[in-house]
Each structure stands twice: as structure tokens, then as C-alpha cells.
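S.K.: Protein sequences, first through last, are from chains A and B. So that you can map any letter, position 542 of the first sequence is 542 in the UniProt record's numbering, and since no number is skipped, the others follow by simple counting. So that you can map any letter, position 854 of the second sequence is 854 in the UniProt record's numbering, and since no number is skipped, the others follow by simple counting.
There are 2 protein chains.
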Amino acid sequence: MLFVDAVVWKMHLLYVCAIDVTELKNACVCFQEEPGPGPGGGLCFADGCRRVDYVLVYHSKRRQSQHRLSVVSNGNVPSQSHTPSRRSTKGDILEAVLEAGLAMEPANELQDKIREEFERGLQEEGLEIEHDKEMRTVRFTRLHVPWSVLSREAELLKIRVPTKKTYQLKEKTGLMGVINSFWTKINQLFQPGVPEPQDPRTRVLSQPFSRDKLHLVIKEHLQKASPCVGLIGCLLFCRFDIKSKNSLFSNAIRGRIMLHEEWANYGACYKYQPMDLIRKYFGEKIGLYFAWLGVYTQLLIPASALGVAVFLYGCLTVDTNVPSQEMCDERLNFTMCPLCDRVCDYWQLSSICSTARTSYLFDNHATVGFAIFMSLWAAVFLEHWKRRQRCLQHSWDLTGMEDDEVRKSTFPHNVILYRIIVFAVMSMNPDHEAKANVRVTVTTTAVIINLLVVLVLDEIYGAIAAWITELEIPKTESTFEEHVILKAFLLKSMNAFAPVFYVAFFKGRFAGRPGDYVYVFKDFRMEECSPGGCLIEVCIQLGIIMLGKQLIQNNVFEIAIPKLKKMYRTYKEEKDGSADEEDKDSKREPQRWDLDYDLEPYEGLSPEYMEMVIQYGFVTLFVASFPLAPVFALLNNVIEIRLDAAKFVTEIRRPDAVSAKEIGIWYNILSGISKFAVITNAFVISFTSEFIPRMVYQYLYSETGTMHGYTNHTLAYFNTRNFKPGTAPHDTDFDRQLRICRYKDYRDPPWSPEAYQLSKQYWSVLAARLAFVIFFQNLAMFLSMLVAWLIPDVPRSLKEQLKREKALMMDLLLTEEADKQCTQSHPLTTTNNDVVIKCLGEGSSEDSPVPMLREIRRRYCNSKINMNMH
Amino acid sequence: MLFVDAVVWKMHLLYVCAIDVTELKNACVCFQEEPGPGPGGGLCFADGCRRVDYVLVYHSKRRQSQHRLSVVSNGNVPSQSHTPSRRSTKGDILEAVLEAGLAMEPANELQDKIREEFERGLQEEGLEIEHDKEMRTVRFTRLHVPWSVLSREAELLKIRVPTKKTYQLKEKTGLMGVINSFWTKINQLFQPGVPEPQDPRTRVLSQPFSRDKLHLVIKEHLQKASPCVGLIGCLLFCRFDIKSKNSLFSNAIRGRIMLHEEWANYGACYKYQPMDLIRKYFGEKIGLYFAWLGVYTQLLIPASALGVAVFLYGCLTVDTNVPSQEMCDERLNFTMCPLCDRVCDYWQLSSICSTARTSYLFDNHATVGFAIFMSLWAAVFLEHWKRRQRCLQHSWDLTGMEDDEVRKSTFPHNVILYRIIVFAVMSMNPDHEAKANVRVTVTTTAVIINLLVVLVLDEIYGAIAAWITELEIPKTESTFEEHVILKAFLLKSMNAFAPVFYVAFFKGRFAGRPGDYVYVFKDFRMEECSPGGCLIEVCIQLGIIMLGKQLIQNNVFEIAIPKLKKMYRTYKEEKDGSADEEDKDSKREPQRWDLDYDLEPYEGLSPEYMEMVIQYGFVTLFVASFPLAPVFALLNNVIEIRLDAAKFVTEIRRPDAVSAKEIGIWYNILSGISKFAVITNAFVISFTSEFIPRMVYQYLYSETGTMHGYTNHTLAYFNTRNFKPGTAPHDTDFDRQLRICRYKDYRDPPWSPEAYQLSKQYWSVLAARLAFVIFFQNLAMFLSMLVAWLIPDVPRSLKEQLKREKALMMDLLLTEEADKQCTQSHPLTTTNNDVVIKCLGEGSSEDSPVPMLREIRRRYCNSKINMNMH
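1) Measure the Cβ-Cβ separation of residue 617 (chain A) and residue 497 (chain A) and say whether it is below 8 angstroms.
2) Using beta-carbon positions only, say whether residue 205 (chain B) and residue 785 (chain B) come within less than 8 angstroms of one another.
3) Which one of A:794, A:301, A:109 has the shortest CA to CA distance from residue 634 (chain A)?
4) Can you pull the DSSP bridge partners for residue 204 (chain B)?
5) So, does the CB of residue 884 (chain A) fall closer than 8 angstroms to a CB anywhere in chain B?
6) Compare the Cα-Cα distances from residue 882 (chain B) to each of B:608, B:369, B:119, B:816 and report the closest residue.
7) Identify the contact partners of residue 760 (chain B) in chain A, using a Cβ-Cβ distance below 7 angstroms as the criterion.
8) Write down the C-beta distance between residue 601 (chain A) and residue 652 (chain A) rounded to the nearest angstrom, noting that I regard them as a contact closer than 8 angstroms.
9) Here's the rule I'm using: 16 or more other beta-carbon atoms within 10 Å means buried, otherwise exposed. How should residue 344 (chain A) be labelled?
10) So what's residue 717 (chain B) in DSSP terms, helix, strand or just coil?
11) Do the CB positions of residue 489 (chain A) and residue 613 (chain A) come within less than 8 angstroms of each other?
12) Decide yes or no for the touch test of the segment 140-156 of chain A against the segment 117-130 of chain A: beta carbon pairs closer than 8 angstroms, at least 3 of them.
13) What does DSSP give as the partner residue(s) for residue 744 (chain A) in the beta ladder?
14) Just to confirm, are residue 361 (chain B) and residue 295 (chain B) a CB contact at a threshold of 8 angstroms?
15) In the DSSP assignment, find the unbroken beta strand (DSSP E) run with residue 900 (chain B) in it and report its ends.
16) Going by the beta-carbon positions, is the gap between residue 530 (chain B) and residue 711 (chain B) smaller than 8 angstroms?
17) Closer than 6 angstroms by C-beta to residue 728 (chain A): which residues in its own chain qualify, once you throw out the five before and the five after it? Chain order, please.
18) Closest to residue 658 (chain B) by C-alpha separation, out of B:348, B:289, B:266, B:263, would be which residue?
19) Taking residue 56 (chain B) as the reference, give the member of B:540, B:483, B:719, B:115 with the closest Cα.
20) Exposed or buried, what is residue 165 (chain A) when buried is set at 16 or more other beta-carbons lying within 10 Å of its beta-carbon?
21) Taking only beta-carbon atoms, is residue 540 (chain B) less than 8 angstroms away from chain A?
22) Buried or exposed: which applies to residue 311 (chain B), given that a residue is buried once 16 or more other Cβ atoms fall within 10 Å of its Cβ?
23) DSSP puts residue 336 (chain A) in a beta bridge; with which residues?
24) Is the shortest distance between the beta-carbon of residue 766 (chain B) and the beta-carbons of chain A less than 8 angstroms?
25) So for residue 765 (chain A), helix, strand or coil by DSSP?
26) Spatial neighbours of residue 387 (chain B) within its chain, please: CB distance less than 6 angstroms, with the 5 preceding and 5 following residues excluded, ordered by chain position.
27) Nearest to residue 364 (chain A) by alpha carbon, out of A:500, A:516, A:543, A:535?
28) Can you find a C-beta in chain A that's less than 8 angstroms from the C-beta of residue 488 (chain B)?
29) Along the chain, where does the alpha helix (DSSP H) that runs through residue 304 (chain A) open and close?
30) Rounding to the nearest angstrom, what Cα-Cα distance links residue 384 (chain A) and residue 778 (chain B) in this structure?
31) What's the gap between the Cα of residue 193 (chain A) and the Cα of residue 261 (chain A)?
32) What does residue 512 (chain A) pair with, by DSSP beta-bridge criteria?
33) Cutting at 8 angstroms between CB atoms, please list the residues of its own chain near residue 788 (chain B), excluding the five before and the five after it.
34) Ordered along the chain, which non-local residues of its own chain (more than five positions away) have a Cβ less than 7 angstroms from that of residue 358 (chain A)?
35) Enumerate in chain order the residues of its own chain whose CB-to-CB distance from residue 141 (chain B) is below 8 angstroms, with the five nearest sequence positions on each side excluded.
36) When DSSP builds the beta bridges, which residues end up paired with residue 144 (chain B)?
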């Protein structure tokens, strides 16, 4: 554990090097020129010229014999880190020591020894260490990484850095150019107010860092233009504190101010997110999360617009809709059978007129089209994200990044058990809001079934988790994380979606018919949907979830609970620390790391992703029954982005920058949801909505070819003499001699030889429903595949850019080649790289960016000879 | 064109360098040591010390003013080549010249100028050229590529080469080790008799070629052990000519002999293919084809075994099967309605007893399970191939290969048109064998429908192709090839599968019922399947296709036609060339390139892939109706591999080695077929086989819960009075007063109020069929996805190997690092790399392959100091 915690910093640090590796060399110089207030202003070592790159913290409570060494800036570093496997030998040794230690009663001496050994290891790898001079409860160990170590590691890890070489993107001409510039201008309104580092059409060539080729790398450029120069120095200090800005780190602070003003701010919610800045400050993993959230929110806009249009279409056509007219028509006088035994009375169908009309708003012809549209939308969204991710990978220089480092998990089993328990507890916790949605009329069956599902799944989950714990512990960290996420998702989604599934597909399906109801536990009838149909219940449920739950989650869980937690922590710290060293502490002015240590630790991105992915599930899985879902999701997300942003900028410790190429398992989960959504929507349209029975009636049974008579057709006849003894209405407002009541089903009438059997209509409607499922599913799948195939994974503009960069890189290498050859053939010439490159740079003009080798050679050699002659 | 043809060689040559780049340096030396017979034995320049690396050939027929420069070794090089984009500037210029030339009447002077300019270009890039001394009709221009050029290009293209560093794979211990060694021994029987270059458990580390790091590269190793040393020199000379082996190229020839004996030989058909040798001789693209074919054939073995088992199960249980017993039972005495108007008589159901029994062999419970198995099989096959491909990529050092070079297609439009026409003609060409399969009883409808489909598709295809020609010409070459393949596949598969689809899903479905038949063109009744059902017809069709067509294709198309072509070519050449220069030609002893030029040009892999992919379609799409398909496919493929091998080794010119990472679009086509197969199998089981009606009868209608009475249940009643006038049997052996005959359908009887309407049974069976389709499709899709998810794309052993290699590479780099640091700190020590590396190599023992930096540094410096002292 100890060892893992501590090796972590290195990768993170190096990762940050990926951003501005060239600046680091000058970090010291910068300090020497402008020494900060006090001993480095809390930002450098006591000598004032070495920057603090990372801080380790441990608790030293001798009385309670508790020694913990943990990384201050992050709550769960180990689970997200990748350690180069070449350390494993040492890791194993230390771990053995550690485990031996854990086997004994934890003794202070052992702890100290382990720490000393660990720190010696760091020093032997070239790091420099500074300890606190005072002995306090919480002790900080500060690390400085010299340039030599950084450059070595950067080279070994093949980190890509910008070179001096730049090139211009081609400007489009003609009509495309006009449209393009118009679009750029429109877009300008939504851009965050972050100064762009340079002309947006200028691109910088990058290549893996190599100390031999340092002359190719730009140094001045980044230092001059980037708002985050010196970022490495403020890795740890994430609190947004506008008052404390000093001249030393004004650049870094300016970046944070910008993030606060242009991003973590409700006023900026109509703007794009400043992705590059986010990535610079938080690293790729968090950057990708926000980029993904942005893409998702952006694509919700067209879906919302169409959803609203479908709803409006329903509103406008409700008065011309024959079935709902018929249901509201009192002259038709359908006397319906009672809805429960003895207590309930017969009732008039026209009494549920309003429900029928409301139901139509969500269940009309347009809904079917919208459901197909949303299947395509999901495919487009996934493809679009792939493209965006690809572009980000390129502009963030992640393309060359090595794939996940494979390393043995060094977690003790109890961590896994703890995690599993936490997840189990979290998923056991019933969603009260979701439960509240189930209509007042429902019996307890829903709750029981829901609970049963959750319980059964918990059992299965427990078994699987235990099995995995046994089998998979020795595997890689990333696999483990993925498995945990996957399982957590399955459980949480079960909890979230099960009630909706129950109402949409099961409620009332097995309730039987008048005179032959199905009873559970002898006395309880299976619950039925309200007479308006199950669809309207699904709608209400979804509406409440999308609006209510999200608001509660946003307000209670994401704002209130962290505040409470912080209060508790502060209280506890005060109580713990007040006893022995209060005096010393109060004397000293709090350093940066003290302030920072007070913030909430970073808990990982999983909860954020989980929330959004479940929302995505609601938006896609049941869109056929609730076309307004995308609108509500959009409204929520516009707030969500800024809320998350504010949390990350001001509420929690600055997370360690973790490098990531993709959003990982979440993409697979989204893709799985999208595939599953096709099936659920097919079933919702077929079985929950009235679309298929209406179609079948119109084209198979209606004598006029219109919908007139549909309501009558869907109602079966029941002879009141066939009530089982004691189930007939006890007291009734209707005629006591009433012989026939109606109920909603396709069954043969009492006077048929097969009375109350499922009628031929039932079977034909069922066949039509099933045929529609097959048709819809295959159509949607085919179209999705077509969309995925038609949208190339790499945008054309990026493709061209890559091609260009490759050619330029080849050019650069050929120039070097020519240089070598020329030097050999004209050994008398001086080799002044800069002059030569400059001269060649002018030579390779914009029009022919790819000069031939011989051209280069000829001109280059000529220029050399000329130089020599002068 | 000219330019493209010619630049191509470079890439290919370089590609070959990827295999033994280090040998090339010594090629000259080798020659000088053993100068061949005559002027280099036809294998080197006149000076006898420069090897011929490539030969260009052009026709010089002044009288007919025909000048063509083409690459001799290959028929369609340009379409498969990738030219580095950096040449494009020059390419454009030359092309402009060329086009200007083509616009005018082709004049000899212009042609010569273009050629001269082109050759000058080659020389300026560092190549050396030798022309024929004599002036002949067919002239050869020989090229030599010096080491300096090769190494430069190898470095620029980052070609991976083996280093001196080797490592041992871990030997498994315990039970796994025993199983493993047992397995290895068993497998040894099937290994081709090709000497392995070294201990199979020893792996060589590879890294991108760099002239600075030449000391890391092994030179001796390959030269000593590889059977293909000097391969580069015989790039062109592909004829297998055992008699002409001379000492000079004995190594290269030994490789070819080995391929001929151990691979292109029916006697070797139970052995694995010598993949590395194939790849060395033909390049990755062809290597991947044979590897794919091998994996496919191998995986057909379990499928065949299970298919035979299903068939045998049918054979064993046919006597206990109630429905076929009932059909054969003459006592049941079902009098069936006549099968055609007037001419046909009533008939007894028991007369088709044998067909019913045969049908059962292919249509029993086991078939359903087998269909699900085959869906999984397809998923496993695709996953397995991905893994194999990944392993090949690693062992062939393709991992670092840059993705497709994107370049503008420089084809003139007429080539595309020609291709399209060829494809159109090929697809218009009806498959006579397939046609012949349709049973004798069929009317011409099948042919007409088939033809219509093909014609309509040809129209669509023509339109799409024209549209693409307009839109997509300026895109990349690979995209273009993919599009052409995709379209050709769609057309060919239409042609191949349409008749089967027709019989399986459409034939007899819309034929109507007795008394109300559907007529086309007034007089022709829609054809029906034979009374035994459509399934048996599908079986017969598939059987004939799988056996007959493949045999004909193998024998006629792949053996006879090339022979005829060659005869024609020889005849034409003789006729053309006999006139003017016969004397000169006959004087000279034919050189290697003359002999080689006589062979057939290489036509690309598309036809080979196409044949196999269509076979894959037959195996997967209709496996539910014909479980024996995999067996026939397996038998065919065992022959096919050796046939293709013989063709490649002895019949055609040695193809240019084309580098490829994957099988490209073919994988997508296979994946598409597999997905589609799930749907077709679901429909075959539901609608073509009797599985669902039997199930429905047994569980819904049978009073005894058994199948007894099933035959009666499936036959509807027809009152002979309801025959339309003139359609009743004219002459009958049955009772003239027969009132009721039976027919196979679910319709209400004549005495029901809804006489002859589709009965409730019809709708319930239809619903069951559709429900089964949904169930089967989703189950198979889910299981396939599960399989794809459970089988990791990268085999664990490879993953471990990669990890190991990475660690070793890191180790190597760190050693160099340490070397540098040590040299700085001990500037007096000599730097003898070899000694140091060797010493360190011993140090980093097998147990701890990843020593820490400081360990290395310490021991290394010590050793240096020691060395210094001695």
C-alpha cells in the first residue's frame, strides 16, 4: 500500500510533463529571478529555488500509534494509477516488508523504517526531498523532481511534445469558405472567453520527446503564450483563492480564475467549455469526462426539439383522434365491469376521458417515428463521440500514448471487500423518489417484486463478486476497475429501471379477466394498470424521475452532502488535533498545503459518469413512451455541467492529473444501453402503446377502413351471471338486472362456443405485435449499423491534418538526412543548425510543403557552400 | 500510370527489407565471394557484384508504335500499393506530363522522354539502373538498391527489425506443463517439415530500425539460420524450378522447395501451414489470406463433427418420430387435394412417406440447438481470427506499422469503368450449377425472379457505381478497393443466395388454397414446394451447391482456365514476336526474367477471398436447414488450401510482397454475414422447418400432450364442391363422389361460419413463430456478444510476452542511459558496448528481468571500473 501510494506521484508528475515538459527546465531560474514571499511562498523548498512538485502527507499520532502515509492531493489515487512495470521487483520486496509489517501489530518503528526505505528509493531515483522542520500531527514531505529525471522519464515514456515546426490549415474557398466563416462567427458567440494560444488555423507539429532532438522543440512559444506556465508547480494547490494571487504564480492563477469565470459559472452555461484549459488543469481523464458530457448535452438539443415537436403534434391532433373521441363520447354508453371484487361498482368508460386524451399526447403515430429516430440518434451520438475523442486524442497528443500499463493489483483483499460492501450498500438503498412515483392505486406487489429483483441480484452479485475476488485479484488494475464499474452499473440500473420495466411490460398482463382473476396469496388480485392504460403510468413515472429525482440528486447529494461532510471533517480534525500540538500549529502561518489539505478529497469520476449514464438510459430506453425525456435531460445537464465544474474547481482538492485515451468501459456501457434501447422501444410500441391494435383494426377488421368502432372492438363482453360467488359488486348505482358488462381484452363473447377464450383477434394482434418487434428491431439495428458505417471514425479534416503532419515530419527528417550527407560531402562547412533550418524553412514554401529529397539536398548544399564562401 | 507503376517497387522492396534489412548490406560481398555463372547468372548486374532487386519491362514495337512500361512481376500492382505521400509533388508533375502525352497521339519520342525522366528520377533517389544491351521487342530494365538508400528508407518508415536481445518464454510447470508438453507432442505430428529458425521458446526482441542503433541489431543470426537468406535478390524469380538450382541462391531455392513439398502438396493436407515461410516468400497480405483460410478450416472441424452428429441423431430417431410415422401410416388414409388444376388427381398422403422421413433427418430438435451453436461458432471464429491476427501482427513485427497511407488515386477513370464492367459481367454470368439444383418440378418462376433480382441489382449497382465514380475518385486507393469489393460481394452473394432464399422463404407461401389459388399471368399458378415441404428442397439445393459447385469451381475455374489462358498467351506472344527479332532471341540463352515473364500474372486475392466468403455464407446462413454444410465446406477447404498453394508457388509470377496488417474489408463482410445468419436461421427454424407448429401442437392443442394427431391437425378440410369450374380433377382413380379432400394449411373447415378463413390455430402458430424469431435472434445476439466480450482480443500469452518485451526494451534503454551517465562520471573508462552489454546481460538474470536503474548503474559502473583497472 505504502509503496503504491508513493510511486504513483511519479507517473502523475510525468504525465503533467507531457503538457509542458520544456518549461520545467526553467522552473528554477524563474524562482531565482523572482523569489516569492517567505520561504518560497509555500511553493518551493526552503532554498527558494527548487519548486515543490508533489507533497506527501502522513499522520503521526504516537499516542494512538497510528501512522498513515497518504497522498494529500487525492483520495483514491492507487485505483487510478498506472505504475511502470519495471518497478515491480522493488515493489514486491517492499510489499513483502509491508505485509510482514501488517502481520505484526503495527509498530511505530516498522512504519518509520518502511517510510525511510521508501524515501531513500525516491532519492536514489534522482528526486529531492524536503521534510517539515517542526514535529506536527500532520506532516508534509515535499518532493522536487529535477530536469534530468524528468527528461529521462519523458524520453523513456515517449511523451509527445510540440516542435518548432508549425503549419497553417488550409482556408476553405468558394461557397464552403463563406459558410465556414459564417459558422465560425456564429460559433464565436458561444466560445468561452479564454484567450486562444495562437491563430486557430496554425497547428504545431509534435513528436516524441528526445534529448538528442531538443533543438527541434519549442521552448519560448509555450512560455510566452500559454496561460498555464508554471502549472507543474501548482499541481497540488487547487483551491480557488482569488485574494491570494501573487506575482509569482500569476499565470497559473490566471488559468484557475478563467476556469472559474468562464466555466464553473451558471452565467456561462450557453457557452462551449474551455476544453484545453480543463485538460491542462485537471488532466485528460477529467477532461474527457467533461468533453463527453458536452457532446452528450449538445446532441440532446436536436432530440429535445423533436421530442417537443412530437408532443405538440399530439396536442394539436388530440381533438381529431377517433379512439379518444369515442372514449369520451357518452352516447356510446359502454358499461364497464368493476375493477375489484365486491366493493367496486360498474363504471362508464367515458369517465376516464381525460386520461385517454392525455395518453394520446404521448402515444400517437409520431411517437413511432420518434422512437426510430432516437435509435439512430444513439448511434450518431456514439459515432460522434468517437470522432470527438479521436480529435481530442490528436490535439492533446495522446495518439502515441502506450496502452494501459498492465500491472498486478497490489490491493489487499479487504479493500475489494470494502468496495463491494459499499456498492452493495449503495444499491440496497432503495430509490425513494422512484418508489414515490408509483401511482397511489398500486398494491405492494411492485415494491415486493422490485425488492425481490434487487435482493436476488444482490445475491448473484455477491456470488459473482466473490468469485471474481478469488479469480481475478491477480489481474490488472484497469480490468478490475472496469469489472467493478460494470457490476455497479448493472445493480444501479436494475434499481433505477426495474419499476419502469414492471409497469411497462408486466403490470396487469397476468391479471386475468372478470370472473377469472388471478389471485396471489389467495386474497390479493394481481394489480392492473389504471383504465387509461399502462402507458400513461409509465409517462408519469418517467416524468417524476427525470424532473424530481435529478433535481433532488443535484441539490441534496451534490451540494448539501459534501458541505456536511466537510463540516464533519473539520470538526473531527479540530477535536483530534486540539489536544497536544495546538500551540505550535497556531503559531505558524498556514502554508498552501495546509489550506489545501482542508478540502474534500477527490472521489473519482465513477459517480459522475454513473449518474449521466443512468440518465442516458432513461432518455433512450423509454423514449417511445415519453418523448419529453430528452428535454428534461437537456435542462438537467446544462445545470449539471456547471455544478460539476464548480465542484471540481472550488470544492475538492485538485485531483492528480491522470492520463487517459478514452472514457473506457463507459463507452461500452453506453453502446450496450443503445442496443438494448432498440429492443425496449420495440416492445414499448408493440405491447405498451395502442399503436398495433389500432393498425390491425384499421387494416384488418374495420369495415369502413377508418378507426370508427375501434373502442367497441377492443372491449370484450362479460355476462354478469358468470361472476364467481361473492365477487359481484355488492352495491351498485347501475341497473341490478344488468346482464352484460364490458372489459378491455380480446376474448370470445359469452355466447360463443369457446366463451371467454382468447379470440382470433387476440392472436392476430399478438402476431402483428411480434412482427412489429422483429421489423422495428431489425430496421433500427440496420440503420444504426449503416449510420456507424457511414460516419467515419476519423473526421476528414483530421485525416488531412494527420497526412499533412506526416509529410511535414518526413520533410523534417529528410532535411536532417540531407544535412548529414552534405556535411559528409562538404566537410569544411560549419554546421549551424538554426541558420540551415531557417533557410530551409523558407525554402519549403506553403505551396509545396513536401519538397523532394534531391531538391532539399541541392538547395541546402548550395546555401551551405554560399555561407562558406562569404 | 507510368509513374505509379514505377514508384511501387520501392515500397515493396522496402517492405521486403522489413524481413531481412540487415542482410542487404552484405549482398554485394556475397556476390563477390561467389560470382555466379555467366554475367551474374541472371541475378546480378553485369559487374557481377550488384544484385538485381527489381526488373521493369516494356514493349518496344516501333512498327505498331506501342510502348508500354509495366512491372513484370505482377499484374495489378498499382491497385494494391501504397506510395508515401511525400512523393506526390513529383508524381503530380510527371502525371501532368503523362496526361499531356496521352492527350496527344502516343508518339515514340514522348514515351521515351517520359521514361528517361522517370529513370533519372530513380537515379537521383540513389538507385542504380542497368539496361539491356540488345534491342529486343520486350526490354528489361534492372534496378539495384544500394544499402544507403535501403537503410535510409527503413529508418524513415520505422521498419521493425530484430535486435540482439533474446529472451525465453516461461515453461509452464505442474499439471499445465504436462498437458502443454503432451499437446506440443501431439501437435508435432501436424507440423510441416520446415526447420524452425531456433528454439521455439526463444523470442527475439525487435525495435524500429535506426542507423544510430545498428549495434543492437543482429546480423549473423538471420544469415545463419533463416532459410531465406538472400531472399531480396530473388524477389522476382518465383518459378519453382528445381533443376535450375545453383549454389549461389541455394538458400532462397531451398525455401521454395520447402514450400512446394511441405505446403503446396496434397500429401501435406493434414499438416499446419508453414506460415512464416509463406509470409517470407509472398509477403503479409498473402500470408494473412492463408492464415485466415487455415483458421477457418480448422474451426470447421468441430462444426462438422457436430453437424454430422445432428444428422446421425436424425437417422437414429427417425423411426420413433410420430409425425413421420403418421405420414407413412396408410391406415390413416388422408386423401389430399390435387396439386394442380384439372390434370392432377387426388393423392394419398402416405405416398410421400420417404420424403417426410428424409426431411426429418435435417429437421429435428437437434437442429435448433445446432443453429444456436453455429451462431456462437461464427462469433468464436471471428474472435479467434482476431486473436490469431494479433499474434501474427506481433510475430511478423507489424504492430508498429503505420496505418494505410492515404493517397490520391491516380487511376484514369477508364480503369474504374473497366473494373466495373468486369464485375458487372462476372455477376451477370448466371451460376449454372446453382440453377441446375432447383428441382425438376419447378416452374420458370424461380429463374425469372432470380434474374429479375440480379437485373434490378445490376441497375442499382450501376447507378451507385457511377455515382461513386463521380464522387469518390479523388479519395484514397484503399477505400476505393474496399468499395469495389463490397459491391462485388453484394452482387455475387445475391446471385449465390437468392435461389436458396426464394425456396426457403417465398416458394409456396403465396400460392393460395384449393379452390382459390393465386395465378400469375392468368394461367400460371404460383409454384408450391413439393408435398414434403420446402425444407427438403433447400437441403437438396445446398447439398448440390456445396458439393457440385465447389468441385466444378476448383477443377474448371482454378485449374483448367489458367492453363488455357497460358496457352493462349504463349501462342499470341509467339505470333507477335516471331516476325522481326526471332533470330536474336533464339541466340541468347533465356535469362531468369525471360522465364519468369512467361508465367501468368498475379490477379490479386479478391477472387480467392470471394469464393471462401460465399462458402462461409452457405455454411452459416442456412445451417439450420442443412447441418451437413460444414462437413462439405471442410472437405472442400482441405483441398482448396493446397490447390491455391500450388497455384501461387508454381503457376503465377511471384507476387510483389504487399504489407498488410489485417484482412481489411473481408473481416467486416464476414462479421456482417454472421449477424445476418442469426436472422436467417431464426426464420428458417420458425418458418421453413416444422419445429414451431409441432411445439404449438404439443403444448397448446394436443389433448394427450404427445404428438399423436399432429398430421391431422395440420391438414385443413376442403369441400370438393367448392372447386372453381374447370379446376376439379378431370380424371380420377378415387371415388367420384369424394366430398372432402385435405390440404396443408391452417384454415377453418367448410362447415364453419368463416369457411376457408385463416383459423385461430394459424394465428397462434404465427404468433409462436414470430415470438421464436425474437427469442432466437436476441438470444443468439446476446450470446455472440458475450462470447466476443469473454474472449479477449489479445491472447494472454501474447499479453505477457508484450509486457515482457516492454520491460526488456526499457531495460535496454536504461542500460544505455546508465552507460551515458557512467561515461560522464568516469570519463577515463573506455566504452566497449559489446562487453558491457554482455556483462549486463548476464547480470539481468531470468529471475529478475527488470532490474532497477540504480542496480544497473551500480553494477555497470563497477564493472567498468574493474575493466579499467585490469
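Heads up, the beta-carbon is just placed ideally off N, CA and C, and yes, glycines get one too. The structure presented is a predicted model; accordingly, all values stated were derived computationally and were not measured.
M.R.: This is what the structure holds:
1) The residue you call residue 617 (chain A) lines up with position 617 of the first sequence. The residue you call residue 497 (chain A) lines up with position 497 of the first sequence. It is a contact, given that the beta carbons lie within the stated cut-off.
2) Along the second sequence, one-based indexing puts residue 205 (chain B) at 205. Along the second sequence, one-based indexing puts residue 785 (chain B) at 785. Not closer than 8 angstroms, so no.
3) Looking up residue 634 (chain A) in the first sequence gives position 634. Measuring from the Cα of residue 634 (chain A), the nearest candidate turns out to be A:301.
4) Along the second sequence, one-based indexing puts residue 204 (chain B) at 204. Answer is B:166.
5) Any answer about residue 884 (chain A) is impossible in this case: the structure gives chain A only from 1 up to 870.
6) For chain B, the structure presents residues 1 to 870; residue 882 (chain B) sits outside this window and is missing.
7) Start at 1 with the first residue of the second sequence, and residue 760 (chain B) comes out as number 760. Under the 7 angstroms cutoff, chain A gives 760, 763.
8) Position 601 of the first sequence holds residue 601 (chain A). Position 652 of the first sequence holds residue 652 (chain A). 7 angstroms between Cβ atoms; contact.
9) Here residue 344 (chain A) refers to the residue found at position 344 of the first sequence. Counting Cβ neighbours within 10 Å, residue 344 (chain A) comes out exposed, since fewer than 16 surround it.
10) Translated into the one-based positions of the second sequence, residue 717 (chain B) becomes position 717. If DSSP states are grouped into helix, strand and coil, residue 717 (chain B) belongs with the strands.
11) What you label residue 489 (chain A) is simply residue 489 of the first sequence in a count that begins at 1. What you label residue 613 (chain A) is simply residue 613 of the first sequence in a count that begins at 1. Going by C-beta atoms, residue 489 (chain A) is nearer than 8 angstroms to residue 613 (chain A).
12) yes
13) Here residue 744 (chain A) refers to the residue found at position 744 of the first sequence. Answer is A:715, bridged to residue 744 (chain A).
14) Mapped onto the second sequence, residue 361 (chain B) falls at position 361. Mapped onto the second sequence, residue 295 (chain B) falls at position 295. Cβ distance not < 8 angstroms, so residue 361 (chain B) and residue 295 (chain B) don't count as in contact.
15) Absent from the structure is residue 900 (chain B), since the part of chain B shown begins at 1 and ends at 870.
16) Residue mapping note: residue 530 (chain B) aligns to position 530 of the second sequence, counting from 1. Residue mapping note: residue 711 (chain B) aligns to position 711 of the second sequence, counting from 1. Cβ distance not < 8 angstroms, so residue 530 (chain B) and residue 711 (chain B) don't count as in contact.
17) For the purposes of this step, residue 728 (chain A) is taken as the residue at position 728 of the first sequence. The answer is none, since no qualifying residue turns up.
18) The residue labelled residue 658 (chain B) in the question sits at position 658 within the second sequence. Of B:348, B:289, B:266, B:263, the residue nearest in Cα terms is B:289.
19) Position 56 of the second sequence, counted from the start, is the residue given in the question as residue 56 (chain B). Of B:540, B:483, B:719, B:115, the residue nearest in Cα terms is B:115.
20) In the first sequence, the residue the question calls residue 165 (chain A) occupies position 165. Classification of residue 165 (chain A): buried, given that the 10 Å Cβ count is 16 or more.
21) Against the second sequence, residue 540 (chain B) aligns to sequence position 540. Taking Cβ atoms only, chain A never reaches closer than 8 angstroms to residue 540 (chain B), which makes this a no.
22) By 1-based counting over the second sequence, the position of residue 311 (chain B) is 311. The residue is buried, with at least 16 neighbouring Cβ atoms inside 10 Å.
23) The sequence position of residue 336 (chain A) within the first sequence is 336, counting from 1. Answer is A:347, A:742, bridged to residue 336 (chain A).
24) Taking the first residue of the second sequence as position 1, residue 766 (chain B) is located at position 766. Interface residue, yes.
25) Counting from 1 along the first sequence, the entry for residue 765 (chain A) is found at position 765. Helix at residue 765 (chain A).
26) Stepping through the second sequence from its first residue, residue 387 (chain B) is reached at position 387. Same-chain partners within the cutoff: 795.
27) By one-based count along the first sequence, residue 364 (chain A) stands at place 364. Checking every option, the nearest Cα to that of residue 364 (chain A) belongs to A:535.
28) As a working note, residue 488 (chain B) is residue 488 in the second sequence. So, not an interface residue.
29) Numbered from 1 along the first sequence, position 304 holds the residue referred to as residue 304 (chain A). Per DSSP, residue 304 (chain A) belongs to the alpha helix (DSSP H) from 284-317.
30) Here residue 384 (chain A) refers to the residue found at position 384 of the first sequence. Here residue 778 (chain B) refers to the residue found at position 778 of the second sequence. Approximately 27 angstroms, taken between the alpha carbons.
31) Along the first sequence, one-based indexing puts residue 193 (chain A) at 193. Along the first sequence, one-based indexing puts residue 261 (chain A) at 261. Rounded to whole angstroms, residue 193 (chain A) to residue 261 (chain A) spans 9 angstroms at the Cα level.
32) As a position in the first sequence, residue 512 (chain A) is number 512, starting the count at 1. Bridge partners of residue 512 (chain A): A:517.
33) Translated into the one-based positions of the second sequence, residue 788 (chain B) becomes position 788. These residues qualify, in order along the chain: 379, 382, 383.
34) As a first step, residue 358 (chain A) must be located in the first sequence, where it is residue number 358. 536.
35) Against the second sequence, residue 141 (chain B) aligns to sequence position 141. So the list reads 55, 56, 57, 58, 119, 129, 130, 131, 132, once near-sequence residues are dropped.
36) Here residue 144 (chain B) refers to the residue found at position 144 of the second sequence. Residue 144 (chain B) is bridged to B:128.
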